[in-house]
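For what it's worth, our numbering labels the leading residue of the sequence shown as 1, then goes sequentially.
For glycine and all other residues, C-beta sits at the position ideal for the given N, C-alpha and C.
One structure is given here, and the rest of the page talks about it.
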Amino acid sequence: MKIGIKRKTFISYFHKDDEDYKDEFERLTSDLIINKSVGDGDINDDNSDEYIKKLIQDGYLSDTTVLVVLVGAKTKCRKHVDWEISGALNLKVGESYAGLFGILLPTHPYFNEPAFFHDDVPKRLAKNIESGYAEMIKWSLDKEFLQSAIERAYDRRKDESDKRVNSVIPQMKKNTCE
């Protein structure tokens, strides 16, 4: 496998449930990505929602080129995941957007099924999969497979930017599950 340029990648996930998968993804892709993600405890939840959104948008996502969503059983109902996807789909430094893809985790109820239902993944991600701007892959330890998904998302951010779906979907105001 040829290692190319490291992509500035933000990993969006439900911290409480999927931290181990995030750690494993980081380990597998450490020579493929520059991790731009929010770490556990980096942002104080006592801050206002607007301040947290601004912090994520301006501090973590401003030069992100790829956003990967680790999709577990409860990812779809987490407001911070929605905000991160929304922020990644806004115009970035260099007049571009972040590419987007999801990884269906073994903790997701449809992991062992041939397909997933769009109602069971974050809505903004599902709409971008439907439009052709994003894709969903299944969790894999195959580094070449992950690199290929990262590169496809990176390429789509320019080649398919007209397919982004963002502002027509209201941002989540609260978590809808624990």
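Quick one: measure Cβ to Cβ for residue i and residue j, integer angstroms, because I've assumed they're closer than 8 Å.
{"i": "Phe43", "j": "Leu55", "result": "Here residue 43 turns out to be Ile, not Phe, going by the sequence shown. Indeed, because the Cβ distance is near 6 Å, the residues count as touching under 8 Å."}
{"i": "Lys8", "j": "Asp63", "result": "6 Å"}
{"i": "Ile107", "j": "Gly72", "result": "Sequence inspection shows Thr at residue 107; the Ile mentioned does not correspond to that position. Confirmed, Cβ separation roughly 4 Å."}
{"i": "Leu70", "j": "Tyr13", "result": "4 Å"}
Looking at the structure shown, is residue i part of a helix, part of a strand, or coil, going by DSSP?
{"i": "Phe101", "result": "strand"}
{"i": "Leu89", "result": "coil"}
{"i": "Val165", "result": "coil"}
{"i": "Leu55", "result": "helix"}
{"i": "Leu141", "result": "coil"}
{"i": "Leu70", "result": "strand"}
{"i": "Tyr154", "result": "helix"}
{"i": "Ser148", "result": "helix"}
{"i": "Lys174", "result": "coil"}
{"i": "Glu95", "result": "coil"}
{"i": "Tyr60", "result": "helix"}
{"i": "Ser108", "result": "Residue identity differs from the one stated: residue 108 is His in this sequence, not Ser. Here His108 sits in coil by DSSP."}
{"i": "Glu50", "result": "helix"}
{"i": "Glu160", "result": "coil"}
{"i": "Thr65", "result": "coil"}
{"i": "Glu113", "result": "coil"}
Identify every residue that forms a DSSP beta bridge with residue i.
{"i": "Ala134", "result": "Leu100"}
{"i": "Leu125", "result": "According to DSSP, Leu125 bridges with nothing at all."}
Worksheet entry | Runs of beta strand (DSSP E) lying entirely within the region 7 to 44, each at least 3 residues, in chain order | Within the region 7 to 44, the beta strand (DSSP E) runs of at least 3 residues that lie entirely inside it are, in chain order, 7 to 12, 33 to 35.
Practice prompt. Would you be able to state if there are at least three C-beta pairs under 8 Å between the region 152 to 163 and the region 111 to 123?
Written response: Not touching, per the Cβ criterion.
Worksheet item: Any chance the region 47 to 54 sits against the region 89 to 103, with 3 or more Cβ pairs inside 8 Å?
Response: Two segments are said to touch when three or more pairs of C-beta atoms, one from each, lie closer than 8 Å; by this definition the region 47 to 54 does not touch the region 89 to 103.
Discussion item. With three or more beta-carbon pairs closer than 8 Å as the criterion, would you say the region 77 to 88 touches the region 108 to 119?
Written reply: Counting Cβ pairs under 8 Å, fewer than three are found: no touch.
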